[in-house]
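To start, the structure itself, in structure tokens.
Number of protein chains: 2
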Amino acid sequence: MQVLAKSRKEVLQEFRTGGILQAARAVFARNGYTAATIDEIAEAAGVAKGTVYLYFDSKRELFLATLREGVLELHAEVQRDIDSAASAAAKIRAFIHGRLHYCDRNRDFFRIYYTEFASLQVHASDESPAFQDLYDQQAALLESILRRGIRQGEIRSCNVPRTARLIYDLTRAAIARHVRDGKSNHIKESTSELCDFIWRGIQC
Amino acid sequence: MQVLAKSRKEVLQEFRTGGILQAARAVFARNGYTAATIDEIAEAAGVAKGTVYLYFDSKRELFLATLREGVLELHAEVQRDIDSAASAAAKIRAFIHGRLHYCDRNRDFFRIYYTEFASLQVHASDESPAFQDLYDQQAALLESILRRGIRQGEIRSCNVPRTARLIYDLTRAAIARHVRDGKSNHIKESTSELCDFIWRGIQC
DNA sequence: TCGAGGATTGACCCGTCAGTCAGTATTTTG
DNA sequence: CAAAATACTGACTGACGGGTCAATCCTCGA
Chain A
1 MQVLAKSRKE VLQEFRTGGI LQAARAVFAR NGYTAATIDE IAEAAGVAKG TVYLYFDSKR
61 ELFLATLREG VLELHAEVQR DIDSAASAAA KIRAFIHGRL HYCDRNRDFF RIYYTEFASL
121 QVHASDESPA FQDLYDQQAA LLESILRRGI RQGEIRSCNV PRTARLIYDL TRAAIARHVR
181 DGKSNHIKES TSELCDFIWR GIQC
Chain B
205 MQVLAKSRKE VLQEFRTGGI LQAARAVFAR NGYTAATIDE IAEAAGVAKG TVYLYFDSKR
265 ELFLATLREG VLELHAEVQR DIDSAASAAA KIRAFIHGRL HYCDRNRDFF RIYYTEFASL
325 QVHASDESPA FQDLYDQQAA LLESILRRGI RQGEIRSCNV PRTARLIYDL TRAAIARHVR
385 DGKSNHIKES TSELCDFIWR GIQC
């Protein structure tokens, strides 16, 4: 019964962890990190406060776990979309559309992601490096798309890291508006408009 | 002596208010709203905690006053720059350059502005409307520049409000990188690169 | 110089909440 | 079924910090 017992324990572990993470995501998204309380998260998850601390060491760690979970899932999904696109233009479109699509389905996650990203930009902190790496990795992804596009004559020569950042920033801002305005339709249109802007600029 | 007495009081009022605002700006920028304490701000301003409450009703109000002061000054400066530019391209450049220039000189302000903007985007709050108006007013400024450019054949037809937002977002993101990376030079270059991106896109 | 009125101070009050842990419930094992 | 192990609970603690206010300090006119 050793194997089964262990499996049962694992299942329970996963069940609780998942439930708490889901509750935390909602509460953090609604109130922001500071205003959210462990009591509220515990209640939302249907467990006692103490139980939360059986699965996560601290409020901060719970928050970071919530963030990390979403970021990893987002990145994996977007990566898939990009890989199945051919041209640089299509890959950039996949980058934008994949993100919009994921965040539209996971608005709570995006709220956390967005504010945390902003404060990370501005306040150096201890756990910054870990997330900075995740972000940089995404920027690097865009950079390689751009470089390939330039090499193949699809994209004009430009400062690649800087341009990658601009596209990344534009995408984030576009998602913010989407999430804020609450329209879950029009994702395709938003993507097209944004791609058009990035591609052609505003010049006549 | 009525007039003089009043004037003296006013001078003192202004002196204290200014000192506290300045200290608050630095402390809020360094620690963020929640982690900042009134004790720390009071110490930085060289007054006792109670004195802070003689000039501002609450922590939140002090924060908002700090933010408002900067936003108004920024907007006034940028407005001047835009007014003295002729073409749409020059006005957009003035919009970007003016902001970069101001925030580069007032980095503490920008840190506050940036994080607050992000959380405003995501969490509806009581005092949102007042600041939302300020932001919208800036977006409207950009919109009228765009419309004029389109009318005069300088800019191609596009979704004006959306495009204005994109330019606004790009500018903010560019400043964030500047402030984060700490280079106070290269403002002109950054402006040019950004204008180029907005104008021509990345297409070959 | 005196004292009235205003400005300033900082010790204190009090609500909040992250984190703890002794006790209870549930499951497993022998 | 008893007892050991494991999971869970929620009342409690201690730190923290926003906000207060009685006491003190200054300034200035008489």
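Residue numbers (the working numbering), protein chains in the order written: chain A, 1 to 204; chain B, 205 to 408.
Just so you know, even glycine gets a beta-carbon here, dropped at the ideal spot from N, CA and C.
If contacts are defined as beta-carbon pairs under 8 Å, then residue i and residue j qualify, I think. What distance do you get, rounded to the angstrom?
{"i": "lysine 59(A)", "j": "isoleucine 38(A)", "result": "6 Å"}
{"i": "threonine 255(B)", "j": "alanine 246(B)", "result": "7 Å"}
{"i": "isoleucine 167(A)", "j": "serine 157(A)", "result": "So it is not a contact: roughly 16 Å between Cβ atoms."}
{"i": "isoleucine 187(A)", "j": "isoleucine 92(A)", "result": "Isoleucine 187(A) to isoleucine 92(A), Cβ: 16 Å. No contact."}
Beta carbon of residue i, beta carbon of residue j: below 7 Å?
{"i": "glutamate 235(A)", "j": "leucine 67(A)", "result": "No answer is possible for residue 235(A): the residues shown for chain A start at 1 and end at 204."}
{"i": "alanine 173(A)", "j": "aspartate 400(B)", "result": "no"}
{"i": "glutamine 121(A)", "j": "arginine 384(B)", "result": "yes"}
{"i": "isoleucine 359(B)", "j": "alanine 292(B)", "result": "yes"}
{"i": "glycine 153(A)", "j": "arginine 404(B)", "result": "no"}
{"i": "arginine 221(B)", "j": "tyrosine 257(B)", "result": "It should be noted that the sequence gives threonine, not arginine, for residue 221(B). Not a contact, by the Cβ cut-off of 7 Å."}
So, for residue i: in the same chain, excluding its five sequence neighbours on each side, which residues have a beta-carbon less than 8 Å away from its beta-carbon?
{"i": "alanine 94(A)", "result": "Val78, Asp81, Ile82, Ser84, Ala85"}
{"i": "alanine 215(A)", "result": "Look at the range of chain A in this structure, 1 to 204, and you will see that residue 215(A) is not part of it."}
{"i": "valine 215(B)", "result": "none"}
{"i": "glutamine 217(B)", "result": "Tyr259"}
{"i": "phenylalanine 219(B)", "result": "none"}
{"i": "aspartate 57(A)", "result": "none"}
Starting from the C-beta of residue i, find all residues in its chain whose C-beta is less than 7 Å away, skip the five residues before and the five after it, and write them out in chain order.
{"i": "asparagine 368(B)", "result": "According to the sequence displayed, residue 368(B) carries alanine and not asparagine. Around alanine 368(B): Ala343, Leu346, Glu347, Leu350."}
{"i": "leucine 96(A)", "result": "The identity of residue 96(A) in the sequence shown is isoleucine, whereas the question assumes leucine. Thr171, Thr191, Leu194, Cys195."}
{"i": "histidine 187(B)", "result": "Any question about residue 187(B) goes unanswered here, given that chain B covers just 205 to 408."}
{"i": "lysine 9(A)", "result": "none"}
{"i": "glutamate 69(A)", "result": "Leu21"}
{"i": "phenylalanine 131(A)", "result": "Leu120"}
{"i": "serine 128(A)", "result": "Leu120"}
Going by C-alpha to C-alpha distance, which of the options sits closest to residue i?
{"i": "glycine 250(B)", "options": "Ala239(B), Phe260(B), Ala228(B), Glu265(B)", "result": "Ala228(B)"}
{"i": "arginine 111(A)", "options": "Arg200(A), Ala44(A), Ala176(A)", "result": "Ala176(A)"}
{"i": "aspartate 108(A)", "options": "Val71(A), Asp133(A), Gly149(A)", "result": "Val71(A)"}
{"i": "leucine 21(A)", "options": "Glu40(A), Lys9(A), Ala35(A), Arg8(A)", "result": "Glu40(A)"}
{"i": "phenylalanine 63(A)", "options": "Ala29(A), Leu12(A), Asp104(A), Val160(A)", "result": "Ala29(A)"}
{"i": "aspartate 330(B)", "options": "Lys387(B), Glu265(B), Gly357(B), Trp403(B)", "result": "Glu265(B)"}
{"i": "tyrosine 33(A)", "options": "Arg105(A), Ser119(A), Asp57(A)", "result": "Ser119(A)"}
{"i": "proline 161(A)", "options": "Gln13(A), Gln137(A), Gln152(A)", "result": "Gln137(A)"}
{"i": "asparagine 235(B)", "options": "Asn106(A), His123(A), Gln132(A), Lys9(A)", "result": "His123(A)"}
{"i": "aspartate 308(B)", "options": "Lys387(B), Phe219(B), Ala294(B)", "result": "Lys387(B)"}
{"i": "tyrosine 318(B)", "options": "Pro333(B), Ala294(B), Tyr339(B)", "result": "Tyr339(B)"}
{"i": "histidine 178(A)", "options": "Asn106(A), Ala36(A), Glu14(A)", "result": "Asn106(A)"}
{"i": "alanine 294(B)", "options": "Arg352(B), Glu218(B), Gln217(B)", "result": "Arg352(B)"}
{"i": "asparagine 363(B)", "options": "Glu189(A), Asp57(A), Ala76(A)", "result": "Glu189(A)"}
Given residue i, which residues of its chain have a CB within under 6 Å of its CB, disregarding the five upstream and five downstream residues?
{"i": "glycine 19(A)", "result": "Ala45"}
{"i": "glutamine 407(B)", "result": "none"}
{"i": "alanine 240(B)", "result": "Val231, Phe232"}
{"i": "aspartate 337(B)", "result": "none"}
Kindly provide the ranges of any beta strand (DSSP E) runs that are 3 or more residues long and lie completely inside the region 324-375 of chain B, ordered along the chain. none
At which residue ranges does the region 249-281 of chain B contain complete alpha helix (DSSP H) runs of 4 or more residues, listed in the order of the chain? 253-259
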